[in-house]
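Residue numbers (this note's numbering), protein chains in the order written: chain A, 1 to 712; chain B, 1001 to 1712.
The beta carbon of each residue, even a glycine, is placed where N, CA and C say it ideally should be.
These figures come from a predicted structure and were not determined experimentally.
One structure is given here, and the rest of the page talks about it.
Number of protein chains: 2
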Amino acid sequence: MPLPRSTAVLLTLLILSAGSAPVRPQGTSTLEEAEHTVLETPAADRARQWLFALTEEPHVAGTPAEQRVAEYVRDRLVEFGLDTEMVRYDVFLNHPTNVALRIVEPIEMDLSLIETPNVVDKDSADPDLFPGFHGYGASGTARGQVVYANYGRPADFRRLESMGISVEGRIVLVRYGQVFRGLKVKEAEGRGAAGVIIYSDPADDGYMRGDLYPDGPMRPPSAIQRGSVQFLSIQPGDPSTPGYPSREDAVRVDRADMETVPHIPSLPLSYGEAEKLLRRLGGPGAPDGWQGGLPFRYHVGPGGVAAEMAVEMDESLKPIFNVIARIEGTDEPDHLVIMGNHRDAWNHGAVDPNSGTAAFLESARALAAAVEAGWRPRRTILLASWDAEEYGLVGSTEWAEDQAERLGGRTVAYLNVDSAVTGREFDAGGSPSLRDVVVAAARAVPEPLEGGTVGSVWEARERSDWAGETVDLSAPDATFELHLDPLGSGSDYTAFLDHLGIPSVDLGFNGPYGVYHSAFDTFYWMDEFGDPRFVYHAAAARFYGVLGLRLASEAVVPLRFGSYGRALTGPLDDLRRQAIQVARAASPGEVPTFDFTGVQAALSRLTEAGTRLDAALDSVPAGSAGQPGLNRALIDVERAFLSEDGLVNRPWFKHLLYAPGLTTGYAAWPFPEMAEALENEDVTLFQTGASRVVQAIDEAVRRMDQAAGLAR
Amino acid sequence: MPLPRSTAVLLTLLILSAGSAPVRPQGTSTLEEAEHTVLETPAADRARQWLFALTEEPHVAGTPAEQRVAEYVRDRLVEFGLDTEMVRYDVFLNHPTNVALRIVEPIEMDLSLIETPNVVDKDSADPDLFPGFHGYGASGTARGQVVYANYGRPADFRRLESMGISVEGRIVLVRYGQVFRGLKVKEAEGRGAAGVIIYSDPADDGYMRGDLYPDGPMRPPSAIQRGSVQFLSIQPGDPSTPGYPSREDAVRVDRADMETVPHIPSLPLSYGEAEKLLRRLGGPGAPDGWQGGLPFRYHVGPGGVAAEMAVEMDESLKPIFNVIARIEGTDEPDHLVIMGNHRDAWNHGAVDPNSGTAAFLESARALAAAVEAGWRPRRTILLASWDAEEYGLVGSTEWAEDQAERLGGRTVAYLNVDSAVTGREFDAGGSPSLRDVVVAAARAVPEPLEGGTVGSVWEARERSDWAGETVDLSAPDATFELHLDPLGSGSDYTAFLDHLGIPSVDLGFNGPYGVYHSAFDTFYWMDEFGDPRFVYHAAAARFYGVLGLRLASEAVVPLRFGSYGRALTGPLDDLRRQAIQVARAASPGEVPTFDFTGVQAALSRLTEAGTRLDAALDSVPAGSAGQPGLNRALIDVERAFLSEDGLVNRPWFKHLLYAPGLTTGYAAWPFPEMAEALENEDVTLFQTGASRVVQAIDEAVRRMDQAAGLAR
């Protein structure tokens, strides 16, 4: 939906004057007017212009190109009139100096680690693109028989073992998908593999899913998925400073002693090249669920083909730059709303992450326009452009560790936008306490092409999906309720939510997207397939801006808790199903008992307390003066779910209700300790985990009731 | 497990003498001894020998070759010492005289309708094989743009319509799988298509599922799935005599007026040839779930490719031959146990059906050996070798219609074996009242290669599958109970169960099998992949023989009813889920209400009555004299589920609890009228259907209580 011309003229004037305009005192503009400005300001053409500039060259973290993009973002924020700083950390990063992969048996053949450029897309031929390599991948060489291990999940390796096939000393070939790539390497390394090749199967994001770039949005045969192989579910951030900030004086861990990165070489591969390995593999046929989309029967090996890989990395401390702009709050300046987006990319990064950066800049411009028009938020808004997310959420994690004292207990919410646009389907994941404000903000944003609002179209789609789901006959009269998807990991909300207990949200407009982390994630791709009119970029900017505005400005912090318990019911039911299945599959006499009654009762208490608190908050008169005490109490609720000593086996993660799956990385594990216990069929850990959950929920209930008392 | 040598010697002697031995009077052998004989007689080598002979040439129904195979089977049964007759019917059949398929746009190219022979398998090069054609396919020509319609289910055509794509006047290309092929043609014809091509996609039984023949058991690129395109779920049997037997004097329906066969041409196609059409298709990309296993993105058309098909059939009344042997019962000669297997094949038929025929002959030989040793069953056993099953269960249906008076209310059970062996996994579908005797018989048969019994291995696998199923939290403490899969259609039990109300069972040992109905369903395939030692053929013969023996010989007919209600609970829950999903997806104010309470209560009464009856039957003293009155009452229970006027829209099907799915053909629809009502969201039909089910169940309960009274 193009902006009315009159607004566009106004915006032009605003922009031209933004760089030098002084900030006016609060009160000359209302929140309603500010929201109008934030909705009207974002422009598709402007988003397109930002994206074009941001994706001019590949900008991997630690390179001069990425510093140039940081400066570009900083300069824009300053131009908009925002108080902006660049925060530098020196962190451990690797860049490839030499990578090679070849078949050595039954013939000798080099396999390509670069993409075949598309003539229509000059960026795909950029000589500055790194070849296929892995962030935090180890230097080294490996040579051995190739064994195919499907997605490289623990269950996949167990399946190989049950077939009597060892990966020890061999080169493990796995396909991308299902779990975070670093965990594939972790599993292979733990079993003694010599090296790992991770390829993109056409069944997962190639021709089985759609037309191939440049005819369509999906992965062509030569496209390589770069990416980090950090052990993300153990701990993100700079692996040379685990759990503490990478300040200049920080003690550094040696490469050899780092615990969250691989120590065997790994490489990514295209399916055009992987086919040459897979076709030659002997051994047993692929088990159920292991067949991919290449046109022959997969075999697991060993036998048939041996390969050799050689990886040399430039590994050193390299500078990264977080760019942070600030809109100072009036009444509660220490209470923060943080809006973050990363900026570094494995390539030109048109989708990942700079569709988000374009939206982020438009949101910033819109908020700045509101400030320029005389509005000021009650609470302080920070707009953060993170660096080195791709390596392991490094920029955001180091900053969050650095600022932990200042952020903890003072931050209303962290709002993340990473890849903002790959298509038209809006979705948001996040903390249950943000559900109401997220839905309300989405309903305030017009849907660009389908009519209605982003919120109404989103809710209709979620309702339709719900209607098609398998029905649980234990709740035949269940009614639809929209919940935010639980957050796992894979983007910058992780440190805020999981380490600091800050309610977080992650948003995007999604569609078919097969060029992830390849040389084809370019402006041309976006312009042809992702968002040819850039209207979803503008819509993302509107939503993101309005959400930040409301969280920072409403007199009572818009955190609501009535749906928290119900948001956890579905995930708890999934664990109950899993427990029943474990029991069913057990030998008689060895049936493990997992007791859910305590957690179920606690969820009921959580729902009741949330409902009481929401009612009390609703009774606060509109337009009443700010209540910093109440707001502080509301901010404190989520932190009741933190465990000081962290999760068992991964203490950096402190949230007892939400964490990335230990064996999934991306996908969330609600009730992470209980989930881990079930995966390992560990009744003792399950009991401990469940009782920690109950304690945390009861502490949250106490805090909610306290807040409700303040509200009345 | 090879037979002990001493037994083999005994068997040889038995065989040599079988042809001329007179039947001895009853009582010189016990049931235990007879069962021992039936278990010890079947021999792997003998089954191999039968299969080799049966598959000497292609033997399509209505051909001289098939008459030769009928005579071969008759001669063997006579040789075994059994009283055997050949029953001829003249039925409407088609054989292809000329079939052609070619691309006419954008280039001209003939597509092959014959297989590329394998050098290792002489049968695959047999010049007597028919080319690709469809049983009951129409003669005619068609020319038009090709449109791809996935599996050709109603939902697939509705999806095309929602995309604005019509199939009218076009050639519909669908893939095999999911539903019976005739229903694909029916749906296309109903929408005005000019012709239909049905191809085998490699995702369904080709390289995505396993290694390709002759390296493995799956479908190679040139293999064509022949088969019938009768509208099987409407009515099977000779379409020229719908609902009545094809006796010499029967009134015949003209081809043009037949209601259960297509009137537009259709052809089957290999994926090697179909690829040439699919690669060229333009139009929108395939929707979710439509992509197959060929290595490119599927599009639905139209545009890109037009084709022309020409089909000429020799259509006429042709002779078919059922071969029926008889072992006369002693005490209840009018009470029957029917053991049936079809014999006709689209090709050499090594799996389908002659693995079953080989087992059938070994069972017959084993039963004859027991008779020879002095045993006689209480009830009469009929051993039936059916013809023309492939066209539409023609031989069995015409005979069942012919003998309806004699069979109805007098037949204990119909035992079917079609494709007996494609691998090692035993499975049986059937009526719940046969569950106990089937499980007991399976436990009496040693598992040939894995140890334990066929029953114990089967039950362990079913239990493991059950443990892995999605758990319904409404029944967290559910315990495992083995049920027979409900029978749909696709083999000769259909007339017996669905038309006459005779409890039926269908059995087989299953494995990876991709050469179905192609030129590669040969002895060589079986010898290499299906059952290289032929031990599962022998196991099938043992199971089949023991099951028939027990049903015919136990003093109290071994029908048991305690699990009948529980066997229907799962299917009813599935319908309840479907109803809830329909309600969830409906517009507010138009939510249809489907009331299950009556049927749920009726199932409880059924379970209670079944439990009462089983207890009464258990109290009958072992070794007590036969009770023809009680047995007659037990036989009558199943017939309470028949509706005289049949199912709405397809009156030939009379069973109110079980029928083939109206839109699936193969797969069963328990509660068929309620299922049809839900598919059409027809509340009125649902209510009528549900009340008919309740009435039928209550009549069955009355009969069960009556039988229980007789037993006490």
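I think L407(A) touches I502(A), with their Cβ atoms under 8 Å apart; what is that distance to the nearest whole Å? 7 Å
Establish whether the CB of A155(A) and some CB of chain B are separated by less than 9 Å. no
Same chain, Cβ closer than 7 Å to H1263(B), neighbours up to 5 away in sequence not counted: A1138, E1189
Cutoff 7 Å; reference Y1493(B); Cβ partners in own chain excluding five residues on either side: Y1414, N1416, L1487, S1504, D1506
For D1705(B), the first and last residue of its enclosing beta strand (DSSP E): Premise fails: D1705(B) lies in the alpha helix (DSSP H), 1683 to 1711, not in any beta strand (DSSP E).
Check whether the Cβ atoms of A404(A) and L500(A) lie closer than 9 Å to each other. yes
On the DSSP letters alone, give me the boundaries of the alpha helix (DSSP H) that V1069(B) sits inside. 1064 to 1079
Sequence-distant residues of its chain with Cβ nearer than 7 Å to Y271(A) (five each side left out): Y199, S200, D201, P202, G206, P221, L294
Around the Cβ of I1171(B), are there at least 16 other Cβ atoms within 10 angstroms (buried) or fewer (exposed)? buried
Proximal chain A residues relative to V1471(B), where beta-carbon distance stays under 7 Å: R577, I580, Q581
Pick out whichever of P592(A), E462(A), G490(A) has its Cα sitting closest to the Cα of T479(A). E462(A)
Apart from the five residues just before and just after P588(A), which ones in its own chain have a Cβ nearer than 6 Å to its Cβ? none
DSSP on I1580(B), reduced to helix/strand/coil? helix
Listing by chain order, which chain A residues have their CB less than 7 Å from the CB of M1208(B)? Q291
For G1511(B), verify whether its CB is less than 8 Å away from any heavy atom of the ligand COA. No copy of the ligand COA occurs in the structure displayed, which carries no ligand at all.
Select from the stretch 547 to 573 of chain A all residues with a C-beta closer than 7 Å to any C-beta belonging to chain B, and list them in chain order. D573
Let me see if you follow: with CB-CB separation under 9 Å, is R1378(B) close to chain A or not? no
Under the assumption that A1616(B) contacts A1708(B) (Cβ atoms under 8 Å), give the Cβ distance between them as a whole number of angstroms. 4 Å
Comparing the C-beta of A1274(B) with each C-beta of chain A, is any distance below 9 Å? no
Where E1425(B) sits in the DSSP three-state scheme: strand
Classify A1388(B) as helix, strand or coil using the three-state DSSP reduction. coil
Test item: CB-CB of R1219(B) and V1445(B) under 9 Å: no
Taking 9 Å as the threshold (beta carbon to beta carbon), is G216(A) in contact with chain B? yes
According to the neighbour-count rule (16 or more other Cβ atoms, all chains shown, within 10 Å of its Cβ), is N1680(B) buried or exposed? exposed
Residues of chain B with CB closer than 8 Å to the CB of L212(A), please, in chain order. R1297
Is the Cβ-Cβ distance between Y513(A) and A61(A) less than 9 Å? no
Any idea what DSSP makes of N1680(B), helix, strand or coil? coil
Taking buried to mean at least 16 other C-beta atoms within 10 Å of its own C-beta, is V1251(B) buried or exposed? exposed
Classify R191(A) as helix, strand or coil using the three-state DSSP reduction. coil
Secondary structure at S316(A), three-state DSSP: helix, strand or coil? strand
Kindly list the residues whose CB is nearer than 6 Å to the CB of N98(A), restricted to its own chain and excluding five residues on each side of it in sequence; keep chain order. E312
In chain order, what residues of the same chain have a beta carbon less than 7 Å from the beta carbon of T1569(B), not counting five sequence neighbours either side? L1603
Short CB-CB distance (under 9 Å) between L294(A) and chain B: yes
Under the three-state reduction of DSSP, which class applies to T380(A): helix, strand or coil? strand
If we call anything under 9 Å between Cβ atoms a contact, is G1490(B) one with L1232(B)? yes
Listing by chain order, which chain B residues have their CB less than 9 Å from the CB of S474(A)? D1472, L1473, S1474, A1475, P1476
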